[in-house]
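Below: one structure, written as structure tokens.
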Amino acid sequence: MGLVITMMAVASLLFWGCPMEERFIFYPESKVDVTPKDAGLAFEDVFFTAGDGVRLNGWFVPYQDSRITLLWFHGNAGNISHRVENIKLLHNKVNINVFIFDYRGYGRSEGRVSEEGTYRDATAALQYLRSRKDVDPKGIVFFGRSLGAAVAADLATREDCLALILETPFVSIREMARVAFPLLPIGPLLRIRYDVVEKLGKVRAPLLVLHGDKDDVVPYEQGKKVFEAAHNPKEFYTIRGAHHNDTYIVGGEAYFKALKNFIERASGQESVSWPIS
Numbered sequence: 001m002g003l004v005i006t007m008m009a010v011a012s013l014l015f016w017g018c019p020m021e022e023r024f025i026f027y028p029e030s031k032v033d034v035t036p037k038d039a040g041l042a043f044e045d046v047f048f049t050a051g052d053g054v055r056l057n058g059w060f061v062p063y064q065d066s067r068i069t070l071l072w073f074h075g076n077a078g079n080i081s082h083r084v085e086n087i088k089l090l091h092n093k094v095n096i097n098v099f100i101f102d103y104r105g106y107g108r109s110e111g112r113v114s115e116e117g118t119y120r121d122a123t124a125a126l127q128y129l130r131s132r133k134d135v136d137p138k139g140i141v142f143f144g145r146s147l148g149a150a151v152a153a154d155l156a157t158r159e160d161c162l163a164l165i166l167e168t169p170f171v172s173i174r175e176m177a178r179v180a181f182p183l184l185p186i187g188p189l190l191r192i193r194y195d196v197v198e199k200l201g202k203v204r205a206p207l208l209v210l211h212g213d214k215d216d217v218v219p220y221e222q223g224k225k226v227f228e229a230a231h232n233p234k235e236f237y238t239i240r241g242a243h244h245n246d247t248y249i250v251g252g253e254a255y256f257k258a259l260k261n262f263i264e265r266a267s268g269q270e271s272v273s274w275p276i277s
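Next up, the structure:
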């Protein structure tokens, strides 16, 4: 039965083309359930505009006297309101400003999501941050999780950042298709690429890759391949026992310490030689 469903899905994909392809990859939700205020955090609810005129929404959560700002690119499902608990933990344990935004078609951001659209949105988010007087443009860290790792990696090929953090990254959409449909060679037929490994060859920023060794969505081995494709300096951190969506919960204090230590090394606050694995 599962094979029949898979074959039907692939047949639909090939017949209907990209609109159906996008439905298999993007799962946006428009309703914003909670805000950082509900978690006891002061924040700014901001709107900014992408280069093609699409209006986007994000949250800026300041941390007093921090010169580091985390620019967060979330995954393919939900919206920024589904990351509030994680925002609070990152803010409080890593002691940095956090800026998270919704891609077009997600939350209160306008438009319809696409691969190219997410790249445009990433550029707009960075431009917005750089325009703020309370943000050090040289202290911006790109942080991408899952699909957001692909968006962050792409931005890092075009724009400077203090450091790049990729959590639970995949190699590419085509490689994910191979994992999902091992008996059906549909990868070459896909228009959406999100090729993280190809992009990393152009990135020179310090890199941290984190991956749960029990990831049931993006195989742990894909995170290792992403790491191996990158230039030094780079680090790989295994989140023991973590699946795809519980990394920051299962990882606990050690996870946040790894993030904080990496950012401190990248910013010159910690004079330690770079590990590479």
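Numbering-wise (the numbering used here), the sequence shown opens with residue 1 and increments by one. We put the beta carbon where it would ideally sit given N, CA and C, even for glycine.
- Query: Three-state secondary structure (DSSP) at ALA41?
  - Reply: With the sequence shown as reference, residue 41 is identified as Leu, and Ala is not the correct amino acid for it. Coil, per DSSP.
- Give the straight-line distance between the Cα atoms of ALA156 and ARG265, rounded to the nearest whole angstrom. 18 angstroms
- Of the residues LEU164, ALA124, SER81, ARG112, the one placed nearest PRO356, counting alpha carbons only: This structure gives no information on residue 356, because the portion of the chain shown stretches from 1 to 277.
- Going by CA-CA distance only, name the one from LEU90, GLY111, PHE143 that's closest to GLY51. GLY111
- Are HIS74 and ILE80 closer than 8 angstroms when you measure CB to CB? yes
- Item | Identity of the residues DSSP links to ILE100 by a beta bridge | TRP59, TRP72
- Can you give the Cα-Cα distance for LEU14 and ARG23, rounded to whole angstroms? Per-residue confidence for LEU14 stands at a pLDDT of 49, beneath the threshold of 50, marking its modelled position as unreliable; the derived number appears in the next sentence. Taking the straight line from one Cα to the other gives about 13 angstroms.
- Task: Give, in chain order, every unbroken run of the beta strand (DSSP E) that is at least 3 residues long and sits entirely within the segment 124-162.
- Result: Correct list: 140-145.
- Task: Starting from the Cα of VAL203, find the closest Cα among PHE227, ARG193, LYS214, HIS91 and give me that residue.
- Result: PHE227
- Message: Based on DSSP bridge pairs, tell me the residues matched to PRO28.
- Response: GLY78
- Message: Under DSSP, the alpha helix (DSSP H) around ILE224 begins and ends at which residues?
- Response: Correcting the residue identity first, residue 224 is Lys in this sequence and not Ile. 220-229 is the extent of the alpha helix (DSSP H) around LYS224.
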